[in-house]
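Residue numbers (my numbering): 18 to 278. Even glycine gets a Cβ: it sits at the ideal position worked out from N, Cα and C.
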């Protein structure tokens, strides 16, 4: 009961902050329009790790970081902001943020929509990584290696967002604590009774664990410390891992749809 009250208070504070962020984007940064979307708008369930999602249209090039700095000052302590310039967003996300596409009310259909959007983002990450890899004629220098590292980091971030969305829509509690990233991946291997089957198999979990470990390394080390012999297998494996993930996520969605018929 106490957690529910805290979560409700957190949401109310986030809603107030989001409206103030919209005002600042329009008045100080001359944005044409700004849209609050995501869980604050009711597109998906609000939960303990929900953040503030705002899509902005007409934010001048070079002002994005300035806007982020100002907007973070308006957020409740510990709240994160996802500020999406619509000019750079994939068409499906832009349409959803602007209310041109309505999130389905049925949870599994809503989950399908969110997962498809994330898979498209992952496809773009893999496509860019593969294009960069094909252009290599010798081992990359430090700057190129950092770019490859960012691709691998972003890939796992997208995978993790899919896992979070699965748990959110199937009402399975998300792990907490410093090791929640590891616990979330482990959780994906197991069925949750009366909620969902296992999301991925053990073989895929093992492969994803390598990407999770690299994500941690990339966020907590200097770029010059990256080693190509360690990074290269992760870059080469992106397409295969994405294909396995796509197949297993689609099987999960099909199973959930059958249960809800």
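Residue environment, residue i, which counts as buried when at least 16 other CB atoms sit within 10 Å
i: residue 157; result: buried
i: residue 61; result: buried
i: residue 239; result: exposed
i: residue 82; result: exposed
i: residue 204; result: buried
i: residue 47; result: exposed
i: residue 67; result: buried
i: residue 277; result: exposed
i: residue 142; result: buried
i: residue 106; result: buried
i: residue 138; result: buried
i: residue 127; result: buried
i: residue 218; result: exposed
Coarse secondary structure for residue i, derived from DSSP in three states
i: residue 74; result: strand
i: residue 52; result: strand
i: residue 99; result: strand
i: residue 164; result: helix
i: residue 193; result: coil
i: residue 80; result: coil
i: residue 154; result: coil
Residue i, enclosing alpha helix (DSSP H) - first and last residue
i: residue 250; result: 245-253
i: residue 228; result: 219-236
i: residue 5; result: Because the chain spans 18 through 278 in this model, residue 5 falls outside it and cannot be assessed.
i: residue 108; result: 108-114
Supposed close pair residue i, residue j - CB separation, criterion 8 Å
i: residue 236; j: residue 251; result: Not a contact, Cβ separation roughly 15 Å.
i: residue 51; j: residue 39; result: 4 Å
i: residue 87; j: residue 41; result: 6 Å
i: residue 28; j: residue 93; result: Actually they are not in contact, since the Cβ atoms of residue 28 and residue 93 sit about 10 Å apart, beyond 8 Å.
i: residue 73; j: residue 103; result: 7 Å
i: residue 162; j: residue 243; result: 5 Å
i: residue 169; j: residue 229; result: Between residue 229 and residue 169 the Cβ distance is about 11 Å, and since that is not below 8 Å, they are no contact.
i: residue 270; j: residue 132; result: 7 Å
i: residue 176; j: residue 255; result: About 11 Å; that fails the 8 Å criterion.
i: residue 57; j: residue 33; result: Residue 57 to residue 33, Cβ: 11 Å. No contact.
Cα-Cα separation between residue i and residue j, rounded to whole angstroms
i: residue 268; j: residue 125; result: 13 Å
i: residue 189; j: residue 182; result: 10 Å
i: residue 154; j: residue 233; result: 28 Å
i: residue 64; j: residue 31; result: 12 Å
i: residue 261; j: residue 272; result: 17 Å
i: residue 209; j: residue 43; result: 45 Å
i: residue 200; j: residue 77; result: 40 Å
i: residue 216; j: residue 45; result: 45 Å
i: residue 37; j: residue 114; result: 18 Å
i: residue 146; j: residue 134; result: 19 Å
i: residue 75; j: residue 91; result: 21 Å
i: residue 148; j: residue 95; result: 37 Å
i: residue 245; j: residue 159; result: 9 Å
i: residue 119; j: residue 241; result: 45 Å
i: residue 274; j: residue 140; result: 24 Å
i: residue 49; j: residue 89; result: 20 Å
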